[in-house]
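Worksheet: the structure to be examined is printed underneath.
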Amino acid sequence: MSEQHVVDAAPPAGGGPAPRRILRDETLLVLALSLGASGVSALISFIGALTRPAALKQQAATLNGSYAPGRPWLDLAWQLFGIATALVPVALVAHLLLREGGWARMLPGSLSRGGAEAGSAVGSGAGAGAGAGAWAAVGTAGSAAGSAPGARGLRVLGFDRTRPWPDLGRGALVAAGIGSAGLVFYLVARASGFNLTVVPESLPDVWWKYPVLILSAIQNSVLEEVIVVGYLLRRLDQLGWSARSSLAASAVLRGSYHLYQGIGGFIGNMVMGVVFVWLYRRWGRVGPLVVAHALLDIVAFVGYGLLAGKVGWLPTV
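Structure follows, in C-alpha cells:
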C-alpha cells in the first residue's frame, strides 16, 4: 500500500494539533527562515547605523557587493551560491502549498468544509489570496499533468508560466509607476537625513557582473513576492485574519527587511507593499508583482553600474 493510501485511510485522531496551530507555526517557521529573519537583521543594522558618529546619508548600504575581492572566479561562485540558497524558502513554500491537498483529506469533514468555505469567502470578497478554496484548491492545482511539483504548488498563488504575457504587461506598467515615484522618494529621504546612501552594486568590473546583477534582481523578486504577498496572505486568510490586518502585516514585513537602508527605505517599501497587496487581491496573481519587482531591481542595479559617477543626481559614496 502506498504512503498516500495510508494517509487517506487513517485520518488523524481528534487529539492531534488543530489546523490553525499547524498553519500558525508553519508560517512563523517559514518567516524565521527567510524574510522575518531579514527584518530582524535589518533592524540590528539600522541601530548600528544610528549609533555611529556619521550622519545616515554619509553612510552606505551596499546591496550587491563582492564576496572575494581580487578573486573573480571565487567571487562568482559565492554570488551564484548566495542567489541559489536564497531561493530555498520559495521551494519550501511551493512544497507546503502542494501538500495542502493532502492535509485537506486528513482533516475531519467539518474542518475541511470550513476551511474551503473560508477560502471561498476570501476569494470572492477580495479577489485573490486564498483562491477558490483554502484547502481544496491546491489539491486541484496539484493534479495538473505535466508540471513539476514546485510549479504546481506556486500555481495556487497565480505564479503560472502558461500565462506570461499578461503578467509581463501588467508588471511593466506597475514598475514604471512605482519606479519613478520611488526614486524621487529616496532622493528626498536621503537629502532629509532619514536614509543611508543606497549603493545598488559594488561588484568588480568583470564579465559576469551584469548577468549576476540580473539574477540577483530576479531572486529578490521571486523570494519577496512569493513569500511576503502570495504565501503570507494565503496563510493569514486561512487563519481568519481580516483583509486590512493581513495587508498591514504584509506591508510592515516588507518595510522591516528594508530598514537597513533607513527610515525612508522602511516607509517607501511599506507603501509599495500596500500597493502590491491591493493588486494581488485584485488580480489573484503573484506573477505581475514578480515581473514588476524584477524590473525595478534590474533597472536599479544595472543602471547604477552604468551611470554611477557619470550623472550628478545619482548619489555615490
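So the numbering used here is basically just the index in the sequence shown, starting at one, shifted up by 14. In this text, a Cβ means the ideal position worked out from N, Cα and C, and glycines have one as well. Just so we're clear, the structure is a prediction, and the values are computed from it rather than from any experiment.
Problem - Backbone CA spacing between S260 and V313 [nearest angstrom] - result: To locate residue 260, count along the sequence shown from 1; it is residue 246. To locate residue 313, count along the sequence shown from 1; it is residue 299. Spanning the two alpha carbons is a distance of roughly 30 Å.
Problem - Assigned secondary structure, A257 (DSSP; H/G/I helix, E/B strand, else coil) - result: Indexing the sequence shown from 1 puts residue 257 at position 243. DSSP places A257 in helix when its eight states are reduced to three.
Practice task
Go ahead and label Q72 buried or exposed: buried means 16 or more other beta carbons lie within 10 angstroms of its beta carbon, across all protein chains shown.
Solution key: Here residue 72 corresponds to residue number 58 of the sequence shown, with the count starting at 1. With fewer than 16 other Cβ atoms within 10 Å, it is exposed.
Exercise for the section: Go through its chain and collect everything with a Cβ distance to G123's Cβ below 8 Å, but skip five positions before and after it. Expected result: As a working note, residue 123 is residue 109 in the sequence shown. Legend: pLDDT at G123 = 40, less than 50; position of this residue unreliable, value from coordinates given subsequently. Excluding residues within five positions, none has a Cβ falling inside 8 Å.
Problem - Assigned exposure category for G244 - 16 Cβ within 10 Å defines buried - result: Here residue 244 is taken as the residue at index 230 of the sequence shown, counted from 1. Result: buried.
Practice task
Could you check what DSSP says for G276 in three-state terms: helix, strand or coil?
Solution key: Reading the sequence shown from its first residue, position 262 is the one you call residue 276. Strand, per DSSP.
Exercise for the section: Please state whether DSSP places G28 in a helix, a strand or coil. Expected result: On the sequence shown, residue 28 is found 14 positions in, with the first residue counted as 1. In this predicted model, G28 has a pLDDT of only 45, less than 50, meaning its place in the structure is not dependable enough to derive any value.
Exercise for the section: Could you say which of L90, L247 and V304 lies nearest to K223 if we only look at CA atoms? Expected result: On the sequence shown, residue 223 is found 209 positions in, with the first residue counted as 1. Measuring from the Cα of K223, the nearest candidate turns out to be L90.
Practice task
Report the three-state DSSP secondary structure of N234 (helix, strand or coil).
Solution key: Along the sequence shown, one-based indexing puts residue 234 at 220. Helix at N234.
Exercise for the section: Flag this pair as yes or no: are the beta carbons of L77 and E239 separated by less than 8 Å? Expected result: In the sequence shown, counting from the first residue as 1, residue 77 sits at position 63. In the sequence shown, counting from the first residue as 1, residue 239 sits at position 225. Going by C-beta atoms, L77 is not nearer than 8 Å to E239.
Practice task
Kindly indicate which three-state DSSP category V226 falls into: helix, strand or coil?
Solution key: Here the question's residue 226 lines up with position 212 in the sequence shown. Residue state, collapsed to three classes: helix.
Handout entry: Selected residue, minimal CA-CA separation from A308, among I36, V188, G319 and P33
Key = For this step, residue 308 is matched to residue 294 along the sequence shown. Of the candidates I36, V188, G319 and P33, the one whose C-alpha sits nearest the C-alpha of A308 is V188.
Exercise for the section: Going by CA-CA distance only, name the one from P225, V300 and V220 that's closest to L246. Expected result: Walking along the sequence shown from the start, residue 246 turns up at place 232. That would be V300, whose Cα lies nearest to the Cα of L246.
Practice task
Please classify W149: is it buried, with 16 or more other beta-carbons within 10 angstroms of its beta-carbon, or exposed?
Solution key: What you label residue 149 is simply residue 135 of the sequence shown in a count that begins at 1. Here the model assigns W149 a pLDDT of 36, short of 50, so the residue's position is not dependable, and the following value carries that caveat. It counts as buried.
Problem - contact_flag[the stretch 265–285, the stretch 47–55] where n(CB pairs < 8 Å) is 3 or more - result: Yes: at least three Cβ pairs fall under 8 Å.
Practice task
In angstroms with no decimal places, state the Cα-to-Cα distance between A190 and L110.
Solution key: In the sequence shown, counting from the first residue as 1, residue 190 sits at position 176. In the sequence shown, counting from the first residue as 1, residue 110 sits at position 96. Cα to Cα, the separation comes out at about 33 Å.
Exercise for the section: Can you have a look at I192 and say buried or exposed, based on whether 16 or more other CB atoms are within 10 angstroms of its CB? Expected result: For the purposes of this step, residue 192 is identified with residue 178 of the sequence shown, where counting begins at 1. Buried, because 16 or more other Cβ atoms sit within 10 Å of the Cβ of I192.
Handout entry: Euclidean distance between Cα positions of W6 and Q233
Key = Outside the modelled stretch of the chain, which goes from 15 to 331, sits residue 6, for which no answer is possible.
Practice task
Tell me whether N78 sits in a helix, a strand or coil according to DSSP, three-state version.
Solution key: The sequence position of residue 78 within the sequence shown is 64, counting from 1. Residue state, collapsed to three classes: coil.
Handout entry: From G207, P103, G167 and T176, residue whose alpha carbon lies closest to that of A46
Key = Reading the sequence shown from its first residue, position 32 is the one you call residue 46. It is P103.
Handout entry: C-alpha gap between G220 and A231, whole angstroms
Key = As a working note, residue 220 is residue 206 in the sequence shown. As a working note, residue 231 is residue 217 in the sequence shown. At residue 220 the sequence reads Val, which differs from the Gly that was named. Computed Cα separation, rounded: 18 Å.
Handout entry: Any non-hydrogen atom of the ligand MN closer than 7 Å to Y271 Cβ
Key = Among the components modelled here there is no ligand, and therefore nothing to report on the ligand MN.
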